[in-house]
């Protein structure tokens, strides 16, 4: 199914529909055209065609209250006729395509060409007599058999190139497969609430069919098109489809059309699903784009040829990585992209520096070889250049060229991108087990550099199992749940009604899954706490709800972050109205003018009484870390009916029924997790909507605050007063005065959270730019999650919108999982450093050996094929072995590295140079006096196609042995002595080291001519291994030298704030990593996006106004199909100049 293209899928549906249209009262076509209408047009059309929404439900054979019967046959039939709710993904790249991509590597191409020329020449036999004359230079003639074998070297090079390519392609392929798996997991996790057979159930989004009755609520991302049939106060953000940023109010009689991919910003209700998958509005757009897929590919190719940097711009579909990329995010992404991943920046710089050095070395090698040969042959030996000798000379030149290219191949660390990708992919996979679902690869590594975490309180630091533990009812403050008999029945009755009716009907308390477990809380946790209170008072809320079902609620003011309260109006039997309210106690009490006393009578409640109540009841509750909720009501006469829209007149003059204190206990593992963070140099700040006393009490329990600390604990109002100037604008200097000491921000609005995060990130107070992680679960946390360097969304309590804005989803909503993420992030960084330390030692040694060897003996001691094998060991295998080291707790004992810390520290530089010295000394000793030590023939100055010598085989073997043992040394980068520590916890490492050793034995003993190896005796092998083992001893010697003494050592791979990585440089390596990220969200972008055209236009203006239009940025990989639609001709968000980084410098 997945392989079908969108258009096939579509036509197939068309055919099915033709056969079955008769079975339902309306066809797919009718529904599709209906969904294209908006507002009143749609209402008129529904009236004309179906009478009303109930009529439409009858046509679709569904019930507005009970939903579909949910039988398998019925669901199948609906899927067949109206389609399934999923969009066929784009085909993954085939293995051959990946092989082709791997072949594009420049150094490999050069090698291939050289090998082919060498092959061609070896088959060309020049006339005999000329041959004798020309070949004397090479020192002795070759016998016939050897001349025949001339082709072997060229073939062997080709073979090893094929090996390298296959390994690379296989890595890419498995990476892509992993991400697809991850992708489908994210998709399966997205569930939606529907009514089937009068039962409210949650089903995966892909299971939704036309005719389902879906329940929509605040924070949902609509998974299909539908018609609003009942609900209250529903407001939708349709910017993802229309580009209008205003929220659209939906109502049954004015605008009932709900479209997939839009966000519910307020309210709740039910919708009848009318179009799914490719037939929904989003699906149609997608199908249009899908048709352009093939042209897209062609454009791709062209773009790649024109300019690597632009290649990504041309891929709106491919890189549809699906973050629903609200423009702010785009803007953030583009301005921060350079800063986004610290590691990528440092690596790219390093790779470029190494590559340039390698290029210079290889060029010099070739020039020296050619000059030496020319001078020796034509000047010293006074040979003539005879025409018949040309092929022989050309063959020499090709050999020199191959040596030069081999030096280059070894020098260029093409294993770097591979190591990064393997390390990240491995971490991501393992992090799933630690309850971190990583949505964007580089978030994993950024987390290792985090210096601050701004965490929510509810659900992250606490268990999110709300229980009422104290109450103030009828002038009495109960420290535990009162006995229901001691309360007046009238009060009790009011209380039960107020709680049962004035809460979302989707909120329920279900019996525990296991015997003796806690009852399951479903829905809003605070409401669950209140419903639990009703049950503790030995009452039941369900009969009340059955009496007044959701459809009969007269008016609902849903909870939002501005109101901080929720109210429901019901019509009483006598025609009058009663409104029940509940909300944050200090807010609702301000609106109360009466209160119920101990006898159940109503008495006046004056401001003086309120102040006393705050002091005597609310503050003591809050100091115990309780969240206080006030429950109240108000009666209205039916004549005249109040104006329900003037909220201020309605929500006042209330009568207080009771105030309850709800406890949300701190998760047992949180204090320890926070201690670990503080020890690791990460500041934890709590940002919560609760009142300041509750927040402070919880912060002390968690260990964010310690009694007697000089830290700030302030409310949102005070925070805003301190950071804004007279005009009400936020000033960075003012934030800088506050944030270093701020630990708790209470009663904060989502904007405060965003302001705080932005303030910390933009701060220049400390020499390191702060790297901030944020946790959030509500829709309103979206902006802060996107602004942060790493956004964590809650997997259980989080709304879809929050998950979309995040980089990592915490599948268990637990703060201690964040500590795991920090550990993995630091581990990635260290793994890359380990790999670099190993790789650079090999690079330095191999290049110098090949270079000096070539200059002194006209032939590299390490042959092209051998070099390629070494390259394979050190690039591919080492990156696998060192990049998969599991993290240890000790990673949390040091402070974050920060942006300016070089990738290669002084200690690492000491290790690299120290080991290089050891290896070079031994290899040169072997090269020049090895034949005397082992009493064998010298391998120096061998003729062109001479057989491999034992001498050079020993050098090659020793070289590989030293690398193998040095790989063990490379496991530690901070100068630790015990390099074997924890080695058996990493089976991959052990397997690779032993595997390489085994293959090396095979190559040396049986490699023969292709590998230029001659079989060695046992004693020679022992010497090679012994010299290799010397590496471990030498490692201890190096560890003894104090780094502080070696002031002359330079660090490398430093990324300073001031310098931007040049765009071309970025391209090569980041391409690899971005490719991975791009694959992650290849297909099925359907549910994730939302773009604001207005902001784009503002940005266009800004971009033109700014003259900083130099380097085109690499587009953020989270592009969406919508920005492609809005401006196909000029995608400004992909070419946002470096405004941000320049601003930070000024």
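In our numbering, the protein residues as written are 102 to 1247. Think of the CB as a built atom: it goes at the ideal place given N, C-alpha and C, for glycine as much as any other residue. All of these numbers come straight from a predicted model, not from anything done at the bench.
Annotation for residue 757: the continuous beta strand (DSSP E) segment containing it runs 755-764. Remark: fewer than three beta-carbon pairs, one from each stretch, lie closer than 8 Å, so the stretch 1020-1036 and the stretch 1088-1107 are not flagged as touching. Nearest in C-alpha terms to residue 722, of all of 949, 579, 667, is 579.
In summary, residue 1111 is buried, with 16 or more beta-carbon neighbours lying within 10 Å of its beta-carbon over all protein chains present.
Burial of residue 316 is indicated by the presence of at least 16 other C-beta atoms within 10 angstroms of its C-beta. A buried status is given to residue 185, since no fewer than 16 other beta-carbon atoms sit within 10 Å of its beta-carbon. The stretch 337-366 is shown to contain whole alpha helix (DSSP H) runs of 4 or more residues at 340-343, in chain order. Check the Cα spacing between residue 466 and each of 1063, 643, 506: the tightest is with 506. According to the DSSP assignment, residue 1005 belongs to no alpha helix (DSSP H), since it is labelled neither H nor E. Excluding the 5 residues flanking it on each side, residue 574 has same chain C-beta neighbours closer than 7 Å at 583, 588, 592, 759, in chain order. The alpha helix (DSSP H) runs lying completely inside the stretch 541-597 and spanning 4 residues or more are 542-547, given in chain order. If you compare the alpha carbons of 333, 1097, 363, 198 with that of residue 353, the shortest gap goes to 333. Residue state for residue 473 is assigned as helix, using DSSP reduced to three classes. Contact between residue 916 and residue 771 is confirmed by a C-beta separation of about 5 Å, below the 8 Å threshold.
Following the DSSP letters along the chain, one finds residue 680 inside the beta strand (DSSP E) bounded by residues 678-685.
Of the candidates 724, 832, 836, the residue whose Cα lies closest to the Cα of residue 801 is 724.
Beta bridge pairing from DSSP links residue 814 with 845. Taking one beta carbon from each stretch, the stretch 445-456 and the stretch 999-1009 have 3 or more pairs nearer than 8 Å; the two touch. Taking the C-beta atoms as reference points, residue 179 is found nearer than 8 Å to residue 310. With a cutoff of 8 Å on beta-carbon distance, residue 323 and residue 373 are scored as not near each other. Taking 8 Å as the cut-off, the beta carbon of residue 907 is found closer than this to the beta carbon of residue 894. In the DSSP assignment, residue 893 falls outside any alpha helix (DSSP H) and lies within the beta strand (DSSP E) extending over 891-895. Distance between residue 814 and residue 841, taken at the CA atoms: about 12 Å. Excluding five sequence positions before and after residue 1053, the CB atoms of its chain that fall closer than 6 Å to its own CB belong to 962, 1040, given in chain order. Secondary structure at residue 1142: coil, using DSSP grouped into helix, strand and coil.
In its chain, beyond the 5 residues on either side, 942, 1067 have a beta carbon closer than 6 Å to the beta carbon of residue 1016.
In terms of CA proximity to residue 202, 272 leads the group 272, 154, 168, 146.
The residue among 567, 930, 1024 with its C-alpha nearest the C-alpha of residue 985 is 930. Under the DSSP definition of a beta bridge, residue 168 partners with 164.
For residue 731, the enclosing beta strand (DSSP E) stretches over residues 727-737. In this structure, the CA atom of residue 706 is about 41 Å from the CA atom of residue 903. Secondary structure of residue 300 (DSSP, three-state): strand. Under the rule that a run must span 4 or more residues, the alpha helix (DSSP H) segments found entirely inside the stretch 879-941 read 883-888, 901-906. Sequence-distant partners of residue 444 (beyond 5 residues in either direction) whose C-beta falls short of 6 Å from its own C-beta, in its chain, are 546.
For residue 799 against residue 568, the beta-carbon gap comes to about 15 Å, at or over 8 Å, which does not count as contact. In terms of Cα proximity to residue 343, the closest of 328, 335, 364, 330 is 364.
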